[in-house]
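The listed protein sequences correspond, in order, to chains Y and D.
If you count by the working numbering, then the first sequence holds residues 73 to 297, one letter each, in order.
If you count by the working numbering, then the second sequence holds residues 8 to 531, one letter each, in order.
Ideal Cβ positions, reconstructed from N, Cα and C, are used throughout, including at glycine.
All values derive from a computational prediction rather than experimental measurement.
Here the structure comes first, spelled out in structure tokens, and everything after it is commentary.
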Amino acid sequence: MVARFGLLTALALVLGLLDRAIPLTALLGGAAPGIKLGLANTVLLYAVYLMDWQSAAFLMLVKVLLSGFLFGSLTAILYSLSGGILSLLVMLAVRKRPAAGALTAGLLAAAADAALLIRNPQLRGQRLWCVILIAAACIACFIAGAAIRKGKIRGVPGTSIAGAIAHNVGQVLTASAVLGTPQLLTTYLPVLVGVGAAVGALTGIVAERVMHALRINPEKLKEQK
Amino acid sequence: MMKKTIRNILMTMLAAGLLAGLCGCGRQPETKETPETAAATETATGTAAPSGEPARQTRTGFYLDTVITLSAYTDRPELLDGGLELCAAYEKMLSRTIEGSDVWKINHAEGETVTVSPETAELLRAAAEAGELSGGAFDLTIAPASTLWDFRSGEKKIPSAQALAEAAKLVDYRKIRIEGNNVTLPAGMMIDLGGIAKGYIADAVKNSLAEKGIGSAILSFGGNIVAIGMKPDGSPWKVGIQDIDEPTGKIMMTSLNFGGSTVTSGIYERGFEADGVTYHHILDSKTGWPVQNELASVTIFSESSMWGDALSTAAFALGTEAGGRLIESIDGAEALFIARDRSAYGTSGIGKYIAEGSYTPLPQAEPAKATEAEQAEAEAERTDAVEAEGTDAAEAAPEETLVLTARVRESDPAPGYILVQCAGIAGFLALPEAGEKTQVILQRLDDGTEWRNVIRMTPEGFCMTEANCEGHDCIEEGEVTLANRQERILENMVLCLPHQLMLNLYSPEEAAELSERLAGNGGE
């Protein structure tokens, strides 16, 4: 059990490093700061689905604190902790109903993005962003509708999308409180929510594939632990 | 792009360091008589004249115990030689020690009337008026006391209290009679124009060079800096304000000169320390002892260097409060007071003259509304000390400080403002009127961590060029300009999330309205 936690924590930390190493913000033209793939979330998804909620919460805390102290700062911990807590709560809540969760989150994201584009028509000129935002919302809805696998790990991508969006909402709420500005909620949040839907779908699919592969021989896996 | 920016910064620092070093060396020999010396030094601009423009020509001379450096962008360097000759002529007229000079004649007339040159008479009248304006804080008849002190030999000789008391009785500017070119001074009294002559000569050389067609020049008179016009590229000259704790030409703040005069009077240049007391060359005209107040230096920005010279001495002697009131009462003059504890205070119109460095506005005569924003500003100055890039080569790199303004008025000249918000404080940072400006925003945390962000500002907007945060996303956010801010995802904002730093770009009108609103909220 301890070994399993150790393994999962180490994996989360390494994936966290990989997240940091991929300069998604730069790749997307620097439109908004702090955009990450969130591969580390696959570990949390694993815990949410194949362990109990206490274990998932413990993993999340350890991951946030360790990576914060190792690579980041106190501010980083603050942001990821708030995002992590909200994300975990949402994922635990929707893991049984991933389709509904993802649909709700996806619709919220689409609404927020639409509001952004309506409020600021000049953004529509930036094709890249329109594509990303709309695609994100579409992917979210699509995956929610097609809860891919039956059984215990049903609908991992849906849960992942809901979790990723919740994570970003939590972070932006904290950032906006820390910085004392509501402007972030109208400019930054819609972007992060849209991006969250997209990367959430991506990591969800990865997690689903991994879990599926692991479950091919769960008994052997248990022996190894 | 990033590398280029860093290299540019490094190059500028290097140049600044080099020039600051040179200035320091240049001032070493300047340790003789003239009791008043300013400590403004021209800083490196880092820009060469564009090709096709006349090159920068420089001539240096040593007159009135001062290193005089004349630099102009001109094809006719012989004009600068003419400028130095003019200095020599004025030295013969105004030196206290050269036998036969007008001042020497007045001091040795034993109460008789002396006829002097029209220039000397003009200067004496101005000096007397400066005495009148300052209530005697500036006194041209200080010589009986000032000659008792020896601030240049290095001997820490303190005159006897009795001798100084006797001498102080002979100091009274009201007793000099100037009628036309005829001057009468009571026997025993002596004049010393050290506190005003350099400024007068600086103005004279400036006018002479300008008349002969020089349109861009910077003239340094041992610290009195006067400029003709702007730099060839149209930007203002940068004049460093000497660090009060460093006698070596190190710069504490950077000011701008738009073709006027910048004069500093400070305690650090000519003086000595004995038993923990700093004895320096700015003397109290009532006692003959060095003025002991909270101040370390006063810089006057004005059109006339003669008035700048006299007012810097007067304002110093009066102290921050009374000196501030004096300068506020004079049109076209602004003052920067630097206290011994390194805090700085500026008169109401000082903003346009300060390029880098932090200061607190002096309270105005009308009851000032202490707003939250103003308190925040004061706090910002404490917590957000801003430092220049330190490199080995640039030991004398200027220590820059962030200037945040709490209130923006629509009449202020900046083309735009950045609302800087971090660690619960907020204030406006003005965009430069021309050219490029780099600003470091350094947040020092309790545990010693330093959060560092560097922004580059132009009249149109700004971008983040350096940051020691994780990921450097704030740099990727790119440039915000007044033109493109509608089209950006983050609109007018550049955000460094790990450093809790938020920068918003506003037009002057928006900034004025916003600061009004911030101030209003603070009052409630």
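Residue i: contacting residues in chain D (beta-carbon distance under 7 Å)
i: G88 (chain Y); result: Residues of chain D passing the Cβ test: none, with the nearest at roughly 12 Å.
i: A98 (chain Y); result: E483
i: L274 (chain Y); result: The contacting residues do not exist; L274 (chain Y) stays about 19 Å from chain D at best.
i: V271 (chain Y); result: Result: empty, since nearest Cβ-Cβ is about 15 Å, beyond 7 Å.
i: L251 (chain Y); result: Q428, Q507, M509
Within 8 Å, strictly: CB atoms of residue i and residue j
i: W148 (chain Y); j: P61 (chain D); result: For clarity, residue 148 (chain Y) is Ala in the given sequence; the question names Trp instead. In this structure, P61 (chain D) does not lie closer than 8 Å to A148 (chain Y) by Cβ.
i: A139 (chain Y); j: L85 (chain Y); result: Here residue 139 (chain Y) is Ser; the residue named in the question, Ala, does not match the sequence. Cβ atoms of S139 (chain Y) and L85 (chain Y): closer than 8 Å.
i: I198 (chain D); j: I113 (chain D); result: yes
i: I274 (chain D); j: I289 (chain D); result: yes
i: A116 (chain D); j: L192 (chain D); result: yes
i: E473 (chain D); j: V487 (chain D); result: no
i: G353 (chain D); j: P368 (chain D); result: yes
i: E310 (chain D); j: G267 (chain D); result: yes
i: G178 (chain Y); j: I233 (chain Y); result: yes
i: G326 (chain D); j: V270 (chain D); result: no
i: A317 (chain D); j: V298 (chain D); result: no
i: L200 (chain D); j: A134 (chain D); result: yes
i: T127 (chain D); j: N189 (chain D); result: no
i: G364 (chain D); j: T261 (chain D); result: yes
i: A236 (chain Y); j: A269 (chain Y); result: yes
i: Y180 (chain D); j: G206 (chain D); result: no
i: F435 (chain D); j: F279 (chain D); result: no
i: Y70 (chain D); j: E98 (chain D); result: yes
i: A194 (chain D); j: G138 (chain D); result: no
Secondary structure of residue i, DSSP reduced to three states
i: P374 (chain D); result: Low per-residue confidence applies at P374 (chain D): pLDDT is 36, beneath 50, and the placement is therefore not dependable enough to give any value.
i: N189 (chain D); result: strand
i: W111 (chain D); result: helix
i: T50 (chain D); result: For T50 (chain D), the predicted structure reports a pLDDT of 45, less than 50, and the residue's modelled location is therefore unreliable. A value from the coordinates is still provided. Of the three classes helix, strand and coil, the one that applies to T50 (chain D) here is coil, per DSSP.
i: R181 (chain D); result: helix
i: E341 (chain D); result: strand
i: G273 (chain D); result: strand
i: V298 (chain D); result: coil
i: E473 (chain D); result: strand
i: G33 (chain D); result: For G33 (chain D), the pLDDT reaches just 30, beneath the cut-off of 50, and the residue's location in the model is therefore unreliable, leaving the point undetermined.
i: F265 (chain D); result: coil
i: A144 (chain D); result: coil
i: N577 (chain D); result: What the structure shows of chain D is the stretch from 8 to 531, and residue 577 (chain D) is not part of that stretch, so it cannot be assessed.
i: K245 (chain D); result: strand
i: G272 (chain Y); result: helix
i: L105 (chain D); result: Reading off the sequence shown, one finds Ile at residue 105 (chain D), where the question assumed Leu. Coil at I105 (chain D), not helix or strand.
i: N231 (chain D); result: strand
i: E280 (chain D); result: strand
i: G24 (chain D); result: For G24 (chain D), the predicted model reports a pLDDT of 37, less than 50, meaning its position is unreliable; a value from the coordinates is still stated below. Three-state DSSP puts G24 (chain D) in a helix.
i: A303 (chain D); result: strand
i: P254 (chain Y); result: coil
i: L436 (chain D); result: strand
i: E381 (chain D); result: With a pLDDT of 44 at E381 (chain D), under the threshold of 50, the predicted position of this residue should be treated as unreliable, though the coordinate-derived value follows. Helix at E381 (chain D).
Contacts of residue i in chain Y (Cβ-Cβ under 8 Å)
i: L504 (chain D); result: P105, G106, T147, Y151, A247
i: E477 (chain D); result: R92, F143, G144, S145, A148
Start-to-end residues for the beta strand (DSSP E) that takes in residue i
i: T76 (chain D); result: 73 to 80
i: Q493 (chain D); result: Premise fails: Q493 (chain D) is in no beta strand (DSSP E) and is neither H nor E.
i: I157 (chain Y); result: Here I157 (chain Y) belongs to no beta strand (DSSP E); instead the alpha helix (DSSP H) covers 146 to 166.
i: E457 (chain D); result: 457 to 464
Alpha helix (DSSP H) segment containing residue i, residue limits
i: Q243 (chain Y); result: 228 to 251
i: R451 (chain D); result: Per DSSP, R451 (chain D) belongs to no alpha helix (DSSP H); it is in the beta strand (DSSP E), 444 to 451.
i: Y207 (chain D); result: 204 to 218
8 Å Cβ cut-off: residues of chain D touching residue i
i: Q255 (chain Y); result: E498, M500, N511
i: T259 (chain Y); result: I496, L497, E498, M500
Chain D residues whose Cβ lies nearer than 9 Å to that of residue i
i: V263 (chain Y); result: I496, L497
Contact set between residue i and chain Y, taken where Cβ atoms lie within less than 7 Å
i: D480 (chain D); result: T97, P105, G106
heavy atom of the ligand NAD below 7 Å from residue i C-beta
i: D179 (chain D); result: Ligands are entirely absent from the displayed structure, and the ligand NAD is therefore not among its contents.
contact_flag[the segment 490 to 497 of chain D, the segment 516 to 523 of chain D] where n(CB pairs < 8 Å) is 3 or more: no
Can you find at least 3 beta carbon pairs, one from the segment 217 to 229 of chain D and one from the segment 83 to 90 of chain D, that sit closer than 8 Å? By the Cβ test, the segment 217 to 229 of chain D is in contact with the segment 83 to 90 of chain D, since at least three Cβ pairs between them sit closer than 8 Å.
Closer than 8 Å is the cut-off here; do at least three beta carbon pairs connect the segment 334 to 343 of chain D with the segment 240 to 247 of chain D? no
Is there contact here, the segment 142 to 159 of chain Y with the segment 254 to 261 of chain Y, by at least three beta-carbon pairs under 8 Å? Touching, no, given that fewer than three Cβ pairs across the two stretches are closer than 8 Å.
Contact between the segment 113 to 120 of chain Y and the segment 153 to 166 of chain Y (3+ Cβ pairs under 8 Å): yes
When you compare the segment 506 to 519 of chain D with the segment 426 to 438 of chain D, are there three or more beta-carbon pairs, one atom per stretch, that lie closer than 8 Å? yes
Given 8 Å, three or more beta-carbon pairs between the segment 237 to 255 of chain Y and the segment 274 to 287 of chain Y: no
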